[in-house]
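Residue numbers (this note's numbering): 1 to 182. Below is one structure; the comments refer to it alone.
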């Protein structure tokens, strides 16, 4: 029972930390919707048995987007959660192109649970591309994002068959939706 209380504490914390953020899509959904979708995918993939991974899913963007430290996450939710969040966090001091390159390069070497988290994140992002694509992005930029996501997930293959199937469906749907805009 305590684990579920901690999961809900993490959901509440994530909502507070990201309260002013919106998704980049045309609908400008509250950012917490993305965090909840990633957490749901992780919970489904693990049969609801890996509480720390679900918590990490809720907090996976806190270091990058909210300037929270891994130490702060560890204090509130433990070192396992902090390490999972750190494993999927980009170094924002690097140029965007370098961060994207490193995601592709590092995907195959990530720890198995981090791969599950990264897969869920990519699924959510591509589902958003289908339903509410980023404002101001050209068709070419959207297609580049989809292709880059496929490259990252290429390194995550073997982590979780069901999530990989969900990713493939999301990528195909996103590509179809984007090409339909042209």
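Every residue gets a Cβ at the ideal spot worked out from N, C-alpha and C, and that includes glycine.
Grab me the residues of residue 15's own chain with a C-beta within less than 6 angstroms of its C-beta, minus the 5 sequence neighbours each way, in chain order.
Translated into the one-based positions of the chain shown, residue 15 becomes position 15. Excluding residues within five positions, the ones whose Cβ falls inside 6 angstroms are 32.
Could I get the ranges of all uninterrupted alpha helix (DSSP H) runs contained in the stretch 26-67, with 4 residues as the minimum, in chain order?
Listed in chain order, the alpha helix (DSSP H) elements of length 4 or more contained wholly in the stretch 26-67 are 31-45, 51-59 and 62-66.
Given that a residue counts as buried once 16 or more other Cβ atoms are within 10 Å of its Cβ, and exposed if not, what is residue 23?
Taking the chain shown and counting its residues from 1, the one referred to as residue 23 is at position 23. Around the beta carbon of residue 23, 16 or more other beta carbons sit within 10 angstroms, so the residue counts as buried.
Do the stretch 168-175 and the stretch 124-131 touch if we need at least three Cβ pairs shorter than 8 angstroms?
Enough Cβ pairs lie closer than 8 angstroms, so yes.
Quick check on the burial criterion: 16 or more other C-beta atoms within 10 angstroms. Buried or exposed for residue 125?
Numbered from its first residue, the chain shown carries residue 125 at position 125. Of the other Cβ atoms in all chains shown, 16 or more fall within 10 Å of the Cβ of residue 125; this residue is therefore buried.
Expected contact under 8 angstroms - CB spacing of residue 197 and residue 152 to nearest Å
Any answer about residue 197 is impossible in this case: the structure gives the chain only from 1 up to 182.
Where do the ends of the alpha helix (DSSP H) carrying residue 19 lie?
Along the chain shown, one-based indexing puts residue 19 at 19. Premise fails: residue 19 is in no alpha helix (DSSP H) and is neither H nor E.
Measure the alpha-carbon distance for residue 94 versus residue 102 and round it to whole angstroms.
For the purposes of this step, residue 94 is taken as residue 94 along the chain shown, with counting starting at 1. For the purposes of this step, residue 102 is taken as residue 102 along the chain shown, with counting starting at 1. Distance between the alpha carbons of residue 94 and residue 102: 10 angstroms.
Report buried or exposed for residue 178, applying the criterion of at least 16 other Cβ atoms within 10 angstroms of its Cβ.
Along the chain shown, one-based indexing puts residue 178 at 178. With 16 or more Cβ atoms within 10 Å of its Cβ, residue 178 is classed as buried.
In the DSSP assignment, what are the bridge partners of residue 134?
Here residue 134 refers to the residue found at position 134 of the chain shown. According to DSSP, residue 134 bridges with 25.
Please classify residue 156 as buried or exposed, where buried requires at least 16 other C-beta atoms within 10 Å of its C-beta.
What you label residue 156 is simply residue 156 of the chain shown in a count that begins at 1. With at least 16 other beta carbons inside 10 angstroms of its own, residue 156 counts as buried.
Compute the beta-carbon to beta-carbon distance between residue 193 and residue 27, rounded to the nearest angstrom, for a pair I have assumed lies under 8 angstroms.
Nothing about residue 193 can be read from this structure; the chain reaches only from 1 to 182.
Return the chain-ordered list of same chain residues with a C-beta closer than 8 angstroms to the C-beta of residue 71, the five sequence neighbours on each side being excluded.
Along the chain shown, one-based indexing puts residue 71 at 71. These residues qualify, in order along the chain: 82.
Work out the CA separation of residue 143 and residue 176 for me, nearest whole Å.
Mapped onto the chain shown, residue 176 falls at position 176. Mapped onto the chain shown, residue 143 falls at position 143. About 10 angstroms.
Backbone secondary structure at residue 80 - three-state DSSP
Stepping through the chain shown from its first residue, residue 80 is reached at position 80. When DSSP states are grouped into helix, strand and coil, residue 80 belongs to the helix group.
Between the beta-carbon of residue 117 and the beta-carbon of residue 19, is there less than 8 angstroms?
Position 117 of the chain shown, counted from the start, is the residue given in the question as residue 117. Position 19 of the chain shown, counted from the start, is the residue given in the question as residue 19. Between residue 117 and residue 19, the CB-CB gap reaches or exceeds 8 angstroms.
Put residue 85 into one of helix, strand or coil per three-state DSSP.
Reading the chain shown from its first residue, position 85 is the one you call residue 85. Annotated three-state conformation of residue 85 is helix, per DSSP.
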